[in-house]
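Undergrad: Going line by line, the protein sequences match chains A and B. Plus 5 on top of the position in the first sequence (first one is 1) and you've got my numbering. Plus 5 on top of the position in the second sequence (first one is 1) and you've got my numbering.
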Amino acid sequence: MKLQIKYDIHHACKVILQENLGKLDIPFKTNGLGVELEKELSPSQHQQLESSLKKYGIEIINNPKNAIVQQIKDLITEMVYKDDPIPIKMSAYISDKMNLSYSYLSKIFSDETFTSIENFMILIRIERVKQLIIEEKMTFSEVAWKLNYSSVAHLSNQFKKTTGLTPTLFQKIIERRNQYQEAFNQPDESNNVQPVGFKNS
Amino acid sequence: MNRDTLHILLADNDSTCQYLFSHALKDIKIKTVLHTVDDGFQLMDYLTQAKNRLPNIVFLNYSLPHKDGISCLNEIRRNPKLQNLTTAIYSHSDSDTFLEEAFVNGANVYFKRPYDMDILKSILEHVCNLSWQYTNSGLRKENFMLSLSNIQVSQKSESVLESA
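(1) If you follow the alpha helix (DSSP H) that residue 149(B) is in, where does it begin and where does it stop?
(2) Three or more C-beta pairs under 8 Å: does that hold for the stretch 117 to 136 of chain B against the stretch 71 to 90 of chain B?
(3) Measuring only between beta-carbons, confirm whether residue 83(A) sits less than 7 Å from chain B.
(4) Assuming residue 117(B) is part of the beta strand (DSSP E), what are its boundary residues?
(5) In the DSSP output, which residue or residues are listed as bridge partners for residue 83(A)?
(6) Output yes if chain B places a C-beta closer than 7 Å to the C-beta of residue 173(A); else output no.
(7) Which one of 7(A), 69(A) and 133(A) has the shortest CA to CA distance from residue 114(A)?
(8) To test your reading of the DSSP string, which unbroken alpha helix (DSSP H) runs of 4 or more residues are found completely within the stretch 49 to 103 of chain A?
(9) Can you have a look at residue 131(B) and say buried or exposed, based on whether 16 or more other CB atoms are within 10 angstroms of its CB?
(10) Contact check, residue 168(A) vs residue 150(B) under 8 Å by CB: the rounded distance?
(11) If we ignore side chains and look at the alpha-carbon of each, how far apart do residue 24(A) and residue 16(A) end up?
(12) Assuming the contact rule is C-beta atoms closer than 8 Å, residue 148(B) and residue 132(A) should be a hit. Round their C-beta distance to whole Å, please.
(13) Using the C-alpha atoms, what's the distance from residue 170(A) back to residue 161(A)?
(14) Given a cut-off of 7 Å, decide if residue 72(B) and residue 111(B) are closer than it, judged by their beta-carbon atoms.
(15) Please list the terminal residues of the continuous alpha helix (DSSP H) segment that includes residue 53(B).
(16) Is residue 41(A) helix, strand or coil by DSSP?
(17) Measuring only the C-alpha atoms, how far is residue 69(B) from residue 100(B)?
(18) Can a CB atom of chain A be found closer than 7 Å to the CB of residue 108(B)?
(19) Hey, out of 102(A), 123(A) and 183(A), whose CA is closest to residue 76(A)'s CA?
(20) Would you check if there are 3 or more beta carbon pairs closer than 8 Å linking the stretch 22 to 33 of chain B to the stretch 50 to 62 of chain B?
(21) To which residues does DSSP link residue 142(B) through a beta bridge?
(22) Might you give, ordered along the chain, the residues of its own chain that have their beta carbon closer than 8 Å to the beta carbon of residue 196(A), omitting 5 neighbours on each side?
(23) Measure from the C-beta of residue 143(B) to each C-beta in chain A and report whether the shortest distance is under 7 Å.
(24) Cα-Cα, which of 51(A), 118(A) and 134(A) is closest to residue 9(B)?
(25) Beta carbons nearer than 9 Å to chain B: which residues of the stretch 54 to 69 of chain A have them?
(26) Whole angstroms is fine: what's the gap from residue 55(A)'s alpha carbon to residue 38(B)'s?
(27) Quick check on the burial criterion: 16 or more other C-beta atoms within 10 angstroms. Buried or exposed for residue 16(B)?
(28) Per DSSP, what are the beta-bridge partners of residue 94(B) in this structure?
(29) For chain B, is any of its Cβ atoms less than 7 Å away from the one on residue 119(A)?
(30) Could you check which residue in 62(B), 79(B), 47(B) and 75(B) has the C-alpha nearest to that of residue 174(B)?
(31) Compare the C-beta of residue 152(B) against all C-beta atoms of chain A and say whether one is closer than 7 Å.
(32) Residue 86(A) versus chain B: which residues are under 7 Å apart at the beta carbon?
(33) By the DSSP assignment, the alpha helix (DSSP H) with residue 39(B) in it spans what residues?
(34) Counting only beta-carbon atoms, is residue 6(B) nearer than 7 Å to chain A?
(35) Kindly list the residues whose CB is nearer than 8 Å to the CB of residue 163(A), restricted to its own chain and excluding five residues on each side of it in sequence; keep chain order.
(36) I need the boundaries of the alpha helix (DSSP H) containing residue 21(A), first residue and last residue.
See the structure below:
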């Protein structure tokens, strides 16, 4: 049986974090992008929390620059995944929310991540396009409308420029992968094919 | 693990190619450690032996001796322990059939092997960079597909990602 799942990574992380803080009796308040602790962690609490989060692949960020980068990434993801588009420019939105100048934030971001904020935003947007095509089975024009692209051609161009593939070819590859995966799961009926595909995690 | 160093495994029996890769990787911004193997058997042995550190990225030639690149990709994608690997396959052809087969069989990256050192450098930089973004930004690896075969890669890999 193939189990298709849909998830919100930010929500999942937040719940895991809340549960683990609860287990260690650490008081906290939730806010927009994460949780705020009511007092400083003792070194042993810090260590316990760090090791219990490690098995989920969650890291506590100790370097302040990495913390800024993570906040910028969270804001970009939030903007791209919001149902209603945010009516102001991305740069203004980020610098307003973080209370720091955009040029300063952009420099830190490029120094720490090997890419610029603008390119990161395009990457996240294209990931969202892929998700809407694969999981929501949307048409390209529905995706273009939902993500505020001026036209399907603009969406296709950006997709091609970022991935090297047209959205149509991408969709075809995903369909063929799924067919292979199904054939792989029913080996009796498909002795002659060499089926592969990604396992859904 | 040091998140700033990428461990790279190259599978190619051509010693010139091994030499070019190792030189090109020295010049890119991200720190890398390179290990090479000569054929498909050695590649799969390396990846499945518990004593070896799993690489972040595997670069493999489409036409590897003993076990070709597509068969290796198949095995990699069927092994649950290897799901997080970034796989980049290259060939001497920019045929669309090669490209499509590579992605259908689970490749993350496909490119035509360039003969120009600067182009190779910018391709490797771009692949390392994007793989780093997928790993460190929690993006879905199975949707990571990048074809560099039809793109005119400029000296600065960043420009490949510029918006339309």
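C-beta atoms are modelled at their ideal positions from N, C-alpha and C, and glycine is treated no differently. Given the structure is predicted, the values throughout are model-derived calculations rather than measurements.
TA: Taking the coordinates as given:
(1) No alpha helix (DSSP H) contains residue 149(B), which DSSP labels as neither H nor E.
(2) no
(3) no
(4) 114 to 117
(5) Residue 83(A) is not bridged to any residue.
(6) no
(7) 69(A)
(8) 69 to 86 and 95 to 103
(9) buried
(10) 6 Å
(11) 12 Å
(12) 7 Å
(13) 9 Å
(14) no
(15) 45 to 53
(16) strand
(17) 18 Å
(18) yes
(19) 102(A)
(20) no
(21) BP columns for residue 142(B) are empty, so no partner.
(22) With a pLDDT of 49 at residue 196(A), under the threshold of 50, the modelled position of this residue cannot be trusted; read the value that follows with caution. Hits under 8 Å: none found.
(23) yes
(24) 118(A)
(25) 62 and 64
(26) 27 Å
(27) buried
(28) 65(B) and 115(B)
(29) yes
(30) Given that chain B is displayed from residue 6 to residue 169, the structure contains no residue 174(B) and the question cannot be resolved.
(31) yes
(32) Within chain B, no residue comes near residue 86(A); the closest Cβ sits about 13 Å away, beyond 7 Å.
(33) Residue 39(B) -> not in any alpha helix (DSSP H); beta strand (DSSP E) instead, spanning 36 to 42.
(34) Only weak support exists for where residue 6(B) lies, its pLDDT of 36 falling under 50; the coordinates are left without a value.
(35) 127, 130, 131 and 154
(36) 14 to 28
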